[in-house]
Every structure is written in C-alpha cells, then in structure tokens.
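Residue numbers (my numbering), protein chains in the order written: chain S, 1330 to 1761; chain X, 649 to 842. Right, one structure below, let's go through it.
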C-alpha cells in the first residue's frame, strides 16, 4: 500500500518534511498535511548528533552536540571543560615564577608564546625592561613558535580533510624547530624558557643554534612552496575550504575573534603592530589580511604569516646584539649559577627567590600578546604580596570558540571538522 | 582629548563612580545599573569605537561591601586603545545586566563568570555552566572562600591517623585499613620484648 502511494506521489521520494516544535509530541502525526487528506509517508525530524568528547578530529577533548536537518547543521553547541585544570585558581597559590610552567600547558603546541605573554604581564606590573639581546631572542623564539604552531595547524587541518602527505611534510619542518628549542632549553614542547626579566640564562642562542636556524630559514620558503603546490590548486582542498565557515568582518570583531580568524575576515589588526613589544617595531614586516573570511583565507593568512615570521627571524639574527639575556635585578631574578656555587650571599638570595619569589606593587595590569592563535591576555591583580591575587587568562581559543555555533550554521555535517579546525583551537588553552 | 571617564559622565549622568589610571591603563568604575547603556555608547560612539570586548571576568573581594568586581576589557581596533570598565556586584542578589546584546563575545565569557563565581547575568541568552560539570554543586571555584588544596575530607578517612603517625597501612580488597595495634608480647620477667 505504502509503496503504491509512494509511486503515486509526485512530490519526490522523500515525502514531506515536518518540523515538530521543540519538545513537541513524537509519533506519527494525524493531521492531514495536504489538501487531499493524505498522510506523509516519511517524516523527518531534527537529528541530534553527539560528537566527542573523544573524537580524533577535535584535537583534544571537546564535545559538540549538532542539531541537524538532514545533512545541514542548524545548531552546534560546544560543551567545554573536559580539560579544565583550574589554572587561574592554582596561580593564586603560587609565586609569580612558579606560574611560568603552568602557562606552557595552556596552548601546549605553542608554549613559547604563552611564556612570553605571561612574563610580559608580570614585567609590566614590575615596571622592568629586559636587556636588548633578550628582546631579540624573545622575538626570534616567538616567531619560531608561530611557524611551529601554523605548521601544526596546516598539517592537521589537511589531514582532517584527507591529505596525508602534507601532514608528514609540515611535521618534518616542525621537528627541526623543536630540535632547536631542545638545544636552547632542553625541552621541545613545555619549554619554560622565559624568565621574568629575560630568558633562561643557561640557554642563550649559541653559534651552532644560529647556524642551524639559518639553514632552516634558507630552505623554509621552498618548503612553503611545496606545501602550496599540494594545496593551493588542489580541488579537494579548495572545495573543502572555500566559502566554508564564513564570518564577516563585523561579526568577527563583535565575537571577539583575534589572530588569523580576525585577519582572515579582512581586519588588519595585529597586536604586534598595534601595541608593539619585543623588537617588532624595528623590523620590516606586513600584516597579511584575507578578504572573504572563509577557511581558505585563514589558511592563506597563516601561510603568509609563516613567510613574514621567517623574514623577521632573519632580520633579528642579522642584528642580534651581544649582551646578557637576563636582567640582573636582585630580588627578582636568580643570581648566576657560578655565584650560587661560590658565594654564600648569592646562595641565600637564590633560595629566597626560589621559595618566596618577589613582591609586586599592588595594582592591576592587562597585557595582550599576539600568539599564533590570537590575543593571549593576562590580567593580573596584585595585592602587593608575592602571589597574584587573581590571574585571569584571556585565552584566544576560548573566545574564538564562542563564534563556533555562528560559523557552523548552515553548513554540511561533513564540514564540521574543517569548521572546528579553522580556528586552530587547542583545548588546553580553551579550558585552562 | 578629555579623559574617557569624563566623556562617559557627560553622556550618561550618574554612570561613572570613579576612574583610575595606573600602569598606563585606564580603568573606569561604572554604576551597576548603567553598564549596558555605557557599553553600548562606548561601542557606537565613532570617536571611541570600542568595537571589541577582549575579556570579561570577575575578581572576588570578600571583605568589600560590594563583594564582586566584574571587569570588562574593551579594545578599540580602530584607535588602538584599550579601556577597562568595572562594576561592583554585591552578594545576596549577585546579579548584573548582561552585555551580550552589545558584544556577542560576552556570551561565553559571562557563562564562565557565572560558572566560576556564581554571578548571574540578567538577559543572557543561555546562562549555563561551561567549565564545571552541570551537576556540580560544591560552590564556585574562583571565589576566595573555595580552597585550593582540598576541603579536609581526607582527614576524615579511617586510615588517616595511622598515616599521620607513620604506622603501616595495609591495602585490602575493601580499601585502605590501618592494622590494629598488635598485643605486646611480654617475657615472664616483665621486660618488653625488643
């Protein structure tokens, strides 16, 4: 019977689409839905689909509940907090130095950038400036980290879309930079290389590291072209990134997006230009800006940023001045290892800085830094003791995640992975 | 250019309760009831154009008459200028108007403050917990009266006095138990066995 009616029906084989109001009665509707009093053959309801929290493409533990109409996403509700470790609360019980390793574990792909953002906020509170060489080395490692972060994004995003080769290629280059981080500070990911007042004095840029870095920089532009050769005219890549996850410039600003998602929408805002720190105001570089606000433009922005970063590192290496990389500020920085081993007062001093830390003037500062993900801000409230009264981390991944639902609506379920990946989110930073 | 606090006070009388400039940053204390009109004006005024809400958070001052401070970090991309607004929220009601109609970035940020401080935002479209589990009912983690190192439950465990005293603790199928002190064997002459 049903089959006959099916064939009689000239409205196509998918019957009628009925939308139940939310919370409405489930079951076959008895209302006639067309003029001839016929009942629908098929009924379609919105489908709730759970994705995660353990999903290989979410790059961390994120759960998204998708409301689908057929294949189309009507609403995407992210559920965060699976990686919440209470970093802000923990920092209230630690001295300023002890919080540095915790910042490594925010965006664990780009630990250098997090260290930088944090120590800048503390230095602003203390009102200290770091030595010239430290500014250069900081800029160099921050830009190396930006390349590492963008390579990581590019490889995983392409892998999610189905391109295997590029993942191995980007990780090959990333490995070279991580080896240099290892040479600098002994760690590849959770580096803790920055100190309040400079950098770890044990890990200055040696001539060997500089030589390796120069070799890397001489090959890197050709590597980037290789990646683009795989992607820029690849039909699958274009189909999966162009006109996907579009956000207008106004919306991007209103949603608080920062970093490549903001610049991909055509807003030329970069904290390194707007509020220069390090030596960014002394280098020649440009802010790449997209036009369409889609995943492809964000990809393009990141590719250009890697080129700019490589050029910035070269400029820094050319001008790298001699000198210390840690300010000598008794009470704040550690005395040198040699002194600690030979001098009684320095040993006591070292002990005091390690155990008690240093006091900061009472007050509050907010300091935003441009990390590969966007604006990482630290808001420190000090009550004059050796521990922050409140440390607030403005994580770019968390704020960018607020626009996820807006950007996912209307696209197909197959696109959800690229829409998620387009922000370059690391859940460690999102959940803190 | 006039200080921003004066501009706000001219535009919306009674909104500004104080202003501080420190560490090169401007902070304006806003009357709680006026926070949404002030934010909307700061966003729409072409001379100021604070189009972006960088951050929204809170600070707990348990001793203060109005306990919580909600902190708004505003950013003007056009003029490359930042501004910090603050509004005090007292405890029993613990409510303030939501700025999510002004900046949609406030959606998640206010949910986080609600979750971790227990401040409610009137007019928020979807005020739910965001970091903690939805059924979590042990208080608000970022309040100062929430301990960082446990609430002392461990001290109520049976085996805890034994661990404190440095005695041996056995692990049974039932869990940790402290062995009962063995009866002291005594020699006939009354001396304790070594």
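A virtual CB, placed ideally from N, CA and C, is assigned to each residue, including glycine.
Whole alpha helix (DSSP H) elements within the region 1589–1659 of chain S, 4-residue minimum = Those alpha helix (DSSP H) runs which fall completely within the region 1589–1659 of chain S and span 4+ residues are 1589–1592, 1600–1603, 1624–1648.
Residues in the region 786–817 of chain X having any Cβ partner in chain A nearer than 7 Å = Here the protein chains are S and X, and chain A is not one of them.
Buried versus exposed, by CB contacts within 10 Å (16 or more), residue 1673 of chain S | For this step, residue 1673 of chain S is matched to residue 344 along the first chain. Classification for residue 1673 of chain S: exposed.
On a CA-only basis, which of S:1710, S:1478, S:1491 is nearest residue 1568 of chain S? Give me that one, please.
-> Walking along the first chain from the start, residue 1568 of chain S turns up at place 239. Of the listed residues, the one whose Cα sits closest to residue 1568 of chain S is S:1491.
Validate contact between the region 1684–1694 of chain S and the region 676–688 of chain X using beta carbons, cut 8 Å, 3 pairs | Flag = no, the region 1684–1694 of chain S and the region 676–688 of chain X do not touch.
Residue 1430 of chain S in three-state terms, based on DSSP = The sequence position of residue 1430 of chain S within the first chain is 101, counting from 1. In the structure shown, residue 1430 of chain S sits in a helix (DSSP, three-state: H, G or I).
Nearest neighbour of residue 1315 of chain S, chosen from S:1423, S:1482, S:1390 [CA to CA] | Outside the displayed span of chain S (1330 to 1761) sits residue 1315 of chain S, for which this structure offers no information.
Give, in chain order, every unbroken run of the alpha helix (DSSP H) that is at least 4 residues long and sits entirely within the region 722–794 of chain X.
-> Taken in chain order, the unbroken stretches of alpha helix (DSSP H) that lie wholly in the region 722–794 of chain X and span 4 residues or more are 754–765.
Say whether the region 744–757 of chain X touches the region 1579–1597 of chain S, bearing in mind that this needs 3 or more beta-carbon pairs closer than 8 Å, one atom from each stretch.
-> The region 744–757 of chain X vs the region 1579–1597 of chain S: in contact.
Near-chain X residues of the region 1446–1474 of chain S - C-beta to any C-beta below 9 Å | For the region 1446–1474 of chain S, which is checked against every Cβ of chain X, the residues closer than 9 Å are 1453, 1454, 1456.
Inter-residue Cα distance where the pair is residue 1419 of chain S and residue 1432 of chain S | Taking the first chain and counting its residues from 1, the one referred to as residue 1419 of chain S is at position 90. Taking the first chain and counting its residues from 1, the one referred to as residue 1432 of chain S is at position 103. Rounded to whole angstroms, residue 1419 of chain S to residue 1432 of chain S spans 11 Å at the Cα level.
Using a Cβ-Cβ cut-off of less than 9 Å, list which residues of the region 739–757 of chain X approach chain S; keep chain order.
-> Under the 9 Å Cβ criterion, the region 739–757 of chain X contributes 750, 751, 752, 753, 754, 755, 756, 757.
Min CB distance residue 1760 of chain S to chain X below 8 Å = Looking up residue 1760 of chain S in the first chain gives position 431. Output row for residue 1760 of chain S: interface = yes.
In chain X, what lies closer than 8 Å to residue 1708 of chain S by C-beta?
-> On the first chain, position 379 is the one that residue 1708 of chain S refers to. Going along chain X in sequence order, the residues near residue 1708 of chain S (Cβ under 8 Å) are 703, 705, 719, 721.
For residue 1471 of chain S, which of S:1429, S:1522, S:1749 has the nearest alpha-carbon?
-> Position 142 of the first chain, counted from the first residue, corresponds to residue 1471 of chain S. Closest option to residue 1471 of chain S, Cα to Cα, is S:1522.
How would you label residue 1353 of chain S, buried or exposed, when you count the other beta carbons within 10 angstroms and need 16 or more for buried?
-> The count along the first chain starts at 1 and reaches residue 1353 of chain S at position 24. Model confidence at residue 1353 of chain S stands at a pLDDT of 45, short of 50, so the residue's coordinates are unreliable; what they give is reported in the following sentence. Exposed, because fewer than 16 other Cβ atoms sit within 10 Å of the Cβ of residue 1353 of chain S.
Alpha carbon to alpha carbon, how far is residue 660 of chain X from residue 705 of chain X?
-> Counting from one through the second chain, the residue named residue 660 of chain X turns up at place 12. Counting from one through the second chain, the residue named residue 705 of chain X turns up at place 57. Each residue's alpha carbon lies about 24 Å from the other.
Looking at the structure shown, is residue 1517 of chain S part of a helix, part of a strand, or coil, going by DSSP?
-> Residue numbering aside, residue 1517 of chain S sits at position 188 when the first chain is read from its first letter. Three-state DSSP puts residue 1517 of chain S in coil, outside helix and strand.
3 or more residues per run - each beta strand (DSSP E) lying fully within the region 1679–1736 of chain S | DSSP runs (the beta strand (DSSP E)) wholly in the region 1679–1736 of chain S: 1692–1700, 1703–1711, 1719–1723.
May I ask which residues mark the beginning and end of the alpha helix (DSSP H) holding residue 1435 of chain S?
-> If you number the first chain from 1, residue 1435 of chain S lands on position 106. That residue, residue 1435 of chain S, is in no alpha helix (DSSP H); it is neither H nor E in DSSP.
Excluding sequence positions up to five away, which residues of its chain have a Cβ less than 8 Å from the Cβ of residue 1452 of chain S?
-> Indexing the first chain from 1 puts residue 1452 of chain S at position 123. Around residue 1452 of chain S: 1458, 1459, 1525, 1526.
Just to confirm, are residue 1389 of chain S and residue 1755 of chain S a CB contact at a threshold of 8 Å?
-> The residue labelled residue 1389 of chain S in the question sits at position 60 within the first chain. The residue labelled residue 1755 of chain S in the question sits at position 426 within the first chain. Yes, these two residues count as a Cβ contact at 8 Å.
C-beta atoms of residue 1595 of chain S and residue 1574 of chain S nearer than 8 Å | Mapped onto the first chain, residue 1595 of chain S falls at position 266. Mapped onto the first chain, residue 1574 of chain S falls at position 245. No, they are not a contact pair.
Hey, does residue 700 of chain X have any beta-carbon neighbour from chain S nearer than 8 Å?
-> As a working mapping, residue 700 of chain X is identified with position 52 in the second chain. Residue 700 of chain X counts as touching chain S.
Closest Cα partner of residue 1443 of chain S within the set S:1597, S:1643, S:1703 = Taking the first chain and counting its residues from 1, the one referred to as residue 1443 of chain S is at position 114. When each option's Cα is compared against that of residue 1443 of chain S, the closest is S:1703.
My understanding is that residue 746 of chain X touches residue 770 of chain X, with C-beta atoms under 8 Å, so please give their C-beta distance in whole angstroms.
-> Translated into positions along the second chain, residue 746 of chain X becomes position 98. Translated into positions along the second chain, residue 770 of chain X becomes position 122. Contact between residue 746 of chain X and residue 770 of chain X holds: their C-beta atoms lie close to 6 Å from each other, under 8 Å.
Hey, how far is the Cα of residue 729 of chain X from the Cα of residue 1531 of chain S?
-> Stepping through the second chain from its first residue, residue 729 of chain X is reached at position 81. Stepping through the first chain from its first residue, residue 1531 of chain S is reached at position 202. When the Cα atoms are used, residue 729 of chain X and residue 1531 of chain S turn out to be separated by approximately 38 Å.
Spell out whether any CB of chain X is found under 8 Å from the CB atom of residue 1425 of chain S.
-> Working through the first chain from its first residue, we reach residue 1425 of chain S at position 96. No - not a single Cβ of chain X is within 8 Å of the one on residue 1425 of chain S.
Could you give the distance in angstroms between the alpha-carbon of residue 1667 of chain S and the alpha-carbon of residue 1426 of chain S?
-> In the first chain, the residue the question calls residue 1667 of chain S occupies position 338. In the first chain, the residue the question calls residue 1426 of chain S occupies position 97. Those two C-alpha atoms are separated by around 21 Å.
Whose Cβ in chain S lies nearer than 9 Å to the Cβ of residue 728 of chain X?
-> Counted from its first residue, the second chain places residue 728 of chain X at position 80. Close to residue 728 of chain X, with beta-carbon spacing below 9 Å, are these residues of chain S in chain order: 1598, 1602, 1603, 1604.
Mind the definition here: the region 781–800 of chain X touches the region 761–770 of chain X only if three or more C-beta pairs lie below 8 Å; say whether that holds.
-> Contact between the region 781–800 of chain X and the region 761–770 of chain X is present, with at least three C-beta pairs closer than 8 Å.
On the premise that residue 1412 of chain S lies in contact with residue 1760 of chain S, defined as a C-beta separation below 8 Å, what is that separation, rounded to the nearest angstrom?
-> As a first step, residue 1760 of chain S is located in the first chain; it is residue number 431 there, counting from the start. As a first step, residue 1412 of chain S is located in the first chain; it is residue number 83 there, counting from the start. Under the criterion of beta carbons closer than 8 Å, residue 1760 of chain S and residue 1412 of chain S qualify as touching, at roughly 4 Å.
Is the distance from the Cβ of residue 1757 of chain S to the Cβ of residue 1435 of chain S below 8 Å?
-> Within the first chain, the letter at position 428 stands for residue 1757 of chain S. Within the first chain, the letter at position 106 stands for residue 1435 of chain S. Cβ atoms of residue 1757 of chain S and residue 1435 of chain S: closer than 8 Å.
is_contact[residue 778 of chain X, chain S] using C-beta, thresh 8 Å | On the second chain, residue 778 of chain X is found 130 positions in, with the first residue counted as 1. Using a CB distance cut-off of 8 Å, residue 778 of chain X counts as an interface residue toward chain S.
contact_flag[the region 1747–1754 of chain S, the region 1615–1629 of chain S] where n(CB pairs < 8 Å) is 3 or more = Three or more pairs of CB atoms, one per stretch, sit closer than 8 Å, so the region 1747–1754 of chain S contacts the region 1615–1629 of chain S.
Do the region 731–747 of chain X and the region 1603–1617 of chain S meet, that is, are 3 or more Cβ pairs less than 8 Å apart?
-> Output reads no: the region 1603–1617 of chain S does not touch the region 731–747 of chain X.
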